Each structure stands twice: as C-alpha cells, then as structure tokens.
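K.L.:
Here it is: the structure, laid out below.
Structure (structure tokens):
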C-alpha cells in the first residue's frame, strides 16, 4: 500500500472526483489545514482518512501527513487536492522510487490546457529552479507540488520549513545528501471548479511562495 498525502485547504468541490479516481493500492490521507468549506467532512464521506493540522502552511500539512502515513520504508506520495493532477499518474512517480531508480521522484508539470499555469507563476518557478540547479547541481526544472519518496528517507532529512518553502528545502537536502533525483512528466490540469490556488491563483500568492523559497535558498 502506498500512502498519498493530500494537503487541503478549502478544496471540497474537488475531493469527490479526485478520491474516486485514486488507483488501487494507493491510500489517500487528506490533511485538512484550516478549511472552512467542509472539506474534512467531504473527504470522510468519500472514505478517505482525514487528519487536521492547526499550524497553517503547506509544509506543516505535508509533514503531518507524512507522519500519519504507514511507518517503515514504504513510499509516500504527495499531491495537491485541487484536482489539478490525475491520481492515475501516481505510479509514474512511485514506481521509480520503489525500483531504486530515483530518490525522490518529483513531478515535472506539463500543462494539459491553455492558461493552466499562469505566466507569473511559471516565470517564478523557472527562476527558482535555475537557482536550485546552480546551488545543488540537480537537473531540476520544476519545484512542484507532486512527488514520491520513501517515508523513512524523507523524515531522515529533518526538513524544517512549514510553509511554501518545503518542496524546495526537500530538493536542496536531497542534493546535499547525494540522492539521485529524477523528474517525471505529469499532466497539469485546470483546478476543479469552485477551488482557488493559494500560490498560482494570484500574483500575491506567488510572491509569498517565492519569498518562502528564497528564504530557504539563503540558508
């Protein structure tokens, strides 16, 4: 069984379809991070395990979900709960990690429709990825919200960021540890109707994410 951590804040409209399409052998853990739209109740009604995290922040939600995953050396996946990724593609990420070919396997977003990835967010991501390549030597082009990694290995890194800098801190730590990091193409779809991105949805959200990630790079 592979656990799938789904950090969630006000994603109720996306959850029924997303959870229904979870592939066999993949167990969703919805981490409710202060939702006010009944996301937790919707997730439970769909049969998902739900945990609540009071500390705000993407990293706080992901870390809590990883802690709640089955202990041991199994693989854990992380994926946004907004419907922008297809759960059927999770094995693309998990299989290389299970086979020992990658550690971890982050997703490289490929927009599936026009306008899915706003220009301001795509530019900020490209700039940060370039700085990451210079800092670590990793061949990384996307600091995205979908990835697979062995749970024990991830916890051993001791990641400290609890905000939007978490994905970048993971890649920096992986590079310093000498891990083989292999990006895997994943389709990037429009978010489910009725949901709104905390990062790419507004310029301010992107600025906040860049701020958090820049602070991680400056350490």
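Numbering (my numbering), first residue to last: 909 to 1127.
Ideal Cβ placement from N, Cα and C applies to all residues, glycine included.
Keep in mind the model is a prediction, meaning the values are calculated, not measured.
1) To test your reading of the DSSP string, which unbroken alpha helix (DSSP H) runs of 4 or more residues are found completely within the stretch 920–990?
2) May I ask you to list the residues that DSSP assigns as paired with residue 1015?
3) Residues in the same chain with beta-carbon distance under 8 Å from residue 959, minus the five sequence neighbours each way, listed in chain order, please.
4) Mind checking who residue 914 pairs with in its DSSP beta bridge?
5) Is there contact here, the stretch 1022–1031 with the stretch 1047–1065, by at least three beta-carbon pairs under 8 Å?
6) In terms of alpha-carbon separation, which member of 961, 925, 950, 1088 lies closest to residue 1009?
7) Does the separation of the CB atoms of residue 1040 and residue 931 fall below 8 Å?
8) Which term fits residue 1018, buried or exposed, when burial requires 16 or more other beta carbons within 10 angstroms of its beta carbon?
9) Grab the span of the beta strand (DSSP E) containing residue 1057 for me, first residue to last.
10) Looking at the unbroken alpha helix (DSSP H) that takes in residue 1027, where does it start and where does it end?
11) Under DSSP, the alpha helix (DSSP H) around residue 1084 begins and ends at which residues?
12) With a threshold of 16 other CB atoms inside 10 Å of the CB of residue 944, please say whether the residue is buried or exposed.
13) Can you tell which of 962, 1101, 935 has its C-alpha closest to the C-alpha of residue 992?
14) Examine the Cβ distances between the stretch 1069–1078 and the stretch 911–926 and report whether three or more of them are shorter than 8 Å.
15) Whose C-beta lies closer than 8 Å to the C-beta of residue 970 among residues of the same chain, with five residues either side of it excluded?
16) For residue 1031, does the count of other Cβ atoms within 10 angstroms reach 16, so buried, or fall short, so exposed?
17) With a threshold of 6 Å on Cβ separation, who are the neighbours of residue 1103 within its own chain once the five nearest residues in sequence on each side are excluded?
18) Report buried or exposed for residue 1013, applying the criterion of at least 16 other Cβ atoms within 10 angstroms of its Cβ.
19) Considering only the beta carbon of each residue, do residue 1092 and residue 1006 sit closer than 8 Å?
20) Which of the three DSSP states, helix, strand or coil, is assigned to residue 1098?
21) Pick out whichever of 961, 1047, 1003, 978 has its Cα sitting closest to the Cα of residue 1086.
22) I'd like the list of long-range same chain contacts for residue 954, defined as Cβ closer than 8 Å, with 5 residues on each side in sequence excluded.
P.N.:
On the basis of the coordinates in this document:
1) 923–928, 947–953, 966–976
2) 1092
3) 937, 938, 939, 940, 972, 973, 976
4) Answer by DSSP bridge pairing, in chain order: 938.
5) no
6) 1088
7) no
8) exposed
9) 1055–1058
10) 1027–1044
11) Counting along the chain, the unbroken alpha helix (DSSP H) around residue 1084 starts and ends at 1074–1084.
12) exposed
13) 1101
14) Contact fails: fewer than three Cβ-Cβ distances are below 8 Å.
15) 913, 915, 939, 986, 1074
16) exposed
17) 919, 921, 922, 990
18) buried
19) no
20) DSSP places residue 1098 in coil when its eight states are reduced to three.
21) 1047
22) 923, 924, 927, 928
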